[in-house]
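Numbering (mature numbering (1 follows the signal peptide of the UniProt record, and there is no 0)), first residue to last: -20 to -1, 1 to 68.
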């Protein structure tokens, strides 16, 4: 019984030593390195630093708006007139 208790104490004491899980095998850090970008926050409120080479989406800026990002205005619908009506 003492062995089991000692085993549980050691196991629970080692839990904080395990690093937090991060997106795309990144590292949880207070400050990201120069070749890393912060994507989300880790469970321990640190930044999830992922190497820049894994991020393939370019950030959108105002100067380079892609056509699929610009909102489209709907075109006016032309109604057909019935034959014999004056269009009033």
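Virtual Cβ for every residue (Gly too), placed ideally from N, Cα, C.
- [ ] Could you name the residues of the same chain whose beta carbon sits closer than 8 Å to that of residue 35, not counting the 5 residues immediately before and after it, in chain order?
- [x] 17 and 19
Task: Endpoints, the beta strand (DSSP E) within which residue 14 is located - done: No beta strand (DSSP E) contains residue 14, which DSSP labels as neither H nor E.
TODO: Return the chain-ordered list of same chain residues with a C-beta closer than 8 Å to the C-beta of residue 26, the five sequence neighbours on each side being excluded.
DONE: -1, 8, 9 and 10
Task: Three-state class that DSSP yields for residue -12 in the structure shown - done: Looking at residue -12 - three-state DSSP - the assignment turns out to be helix.
Task: Neighbour-count burial assignment, residue 21, 16 or more Cβ in a 10 Å radius - done: exposed
Task: Nearest-angstrom Cβ-Cβ length linking residue 29 and residue 55, presumed shorter than 8 Å - done: Contact doesn't hold; Cβ gap of about 46 Å is too wide.
Open item on the list: Report the CB separation of residue 32 from residue 5 in whole angstroms; it is logged as a contact under 8 Å.
Closed with: No, residue 32 and residue 5 are not in contact; Cβ-Cβ is about 14 Å, not under 8 Å.
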